[in-house]
Amino acid sequence: MSATRWDGPRVAHGGALKKHCTTENGMDERVQRPVFEYRLDRFDVPCVDTTTAPGPNGVLSKREDESTVKAILKCVDVSVNKHDTFGIAVVGHYDCAGNPGDEARQNADTRHVVRFSRASYSDRNVIGLHVNDQWVVEEIEVAGF
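Going by our numbering, the sequence shown opens with residue 26, and the numbers climb by one from there.
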């Protein structure tokens with residue numbers, strides 16, 4: 026896991042400047058600011074589209090609530106298709122009320138959603154994030170597609 030600045034390319038999609046990234050994040054305000062700042066830095070973009078729901082990594086991983094799954098995915102589709110989002114971040118966090126579980130459970134759900142999102146948006150940079158008990162954002166490793 027890393028909490029350092031990423032110095033990747035500043036252009037995407039045919040050389041156009043990147044303007045947007047997207048996040049599937051929990052609604053807990055404690056994670057909003059650190060994740061927002063991390064995404065701006067990590068994806069080097071001026072605009073951040075945020076989809077919030079209680080425990081979205083769990084909602085999308087377990088797929089038990091079809092209407093919420095569809096609502097989250099519709100928001101991501103709008104960001105990808107209308108804003109040409111460069112990167113997508115899937116977030117889990119410590120003390121999540123919407124998707125209770127320890128860090129291992131959070132990260133397993135996040136990895137599952139990252140793989141799904143990479144398959145759905147193969148031309149986008151999709152990452153997984155975990156916000157720890159100190160409210161520090163850590164990028165998690167996600168192997169596979």
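Where a beta carbon is used, it is the ideal one built from N, C-alpha and C, also for glycine.
Report yes if the CB atom of residue i is closer than 9 Å to the CB atom of residue j, and no otherwise.
{"i": "L154", "j": "V103", "result": "no"}
{"i": "P59", "j": "V161", "result": "yes"}
{"i": "F111", "j": "F61", "result": "no"}
{"i": "R64", "j": "T76", "result": "no"}
{"i": "V105", "j": "Y146", "result": "yes"}
{"i": "I97", "j": "N132", "result": "no"}
{"i": "D53", "j": "C121", "result": "yes"}
Going by C-alpha distance, which of the options is nearest residue i?
{"i": "A168", "options": "R136, C72 and S147", "result": "R136"}
{"i": "K44", "options": "V56, P125 and V73", "result": "V73"}
{"i": "V156", "options": "L98, T75, E166 and Y119", "result": "Y119"}
{"i": "G83", "options": "K99, F141, D148 and E163", "result": "F141"}
{"i": "K87", "options": "C46, K107, R130 and V101", "result": "R130"}
{"i": "V101", "options": "A78, D90 and E89", "result": "A78"}
{"i": "D109", "options": "D90, E128, G126 and D148", "result": "D148"}
{"i": "E128", "options": "K99, K107 and E163", "result": "E163"}
Looking at the structure shown, is residue i part of a helix, part of a strand, or coil, going by DSSP?
{"i": "V132", "result": "Before going on, a small fix: residue 132 reads as Asn here, not Val. N132: helix per DSSP, three-state reduction."}
{"i": "D74", "result": "strand"}
{"i": "P81", "result": "helix"}
{"i": "T93", "result": "helix"}
{"i": "E166", "result": "coil"}
{"i": "V105", "result": "helix"}
{"i": "H38", "result": "With a pLDDT of only 48 at H38, under the threshold of 50, the placement of this residue in the model should not be trusted, and no figure is reported."}
{"i": "A144", "result": "helix"}
{"i": "V56", "result": "helix"}
{"i": "C121", "result": "coil"}
{"i": "V139", "result": "helix"}
For residue i, count neighbouring Cβ atoms within 10 angstroms of its own Cβ and tell me buried if that reaches 16, exposed if not.
{"i": "N50", "result": "buried"}
{"i": "P81", "result": "buried"}
{"i": "V124", "result": "Inspection of the sequence shows that residue 124 is occupied by Asn rather than by Val. Buried, because 16 or more other Cβ atoms sit within 10 Å of the Cβ of N124."}
{"i": "A144", "result": "exposed"}
{"i": "Q17", "result": "It is not possible to answer for residue 17, since the shown part of the chain is limited to 26 through 170."}
{"i": "D134", "result": "buried"}
{"i": "A114", "result": "buried"}
So, under 8 Å CB-CB, residue i and residue j are touching, yes? Tell me the CB distance rounded to an integer number of Å.
{"i": "L85", "j": "V151", "result": "The Cβ separation is near 12 Å, so there is no contact."}
Is residue i near the ligand FAD, going by C-beta to nearest heavy atom under 8 Å?
{"i": "G153", "result": "Here there are no bound small molecules, and the ligand FAD is not part of this structure."}
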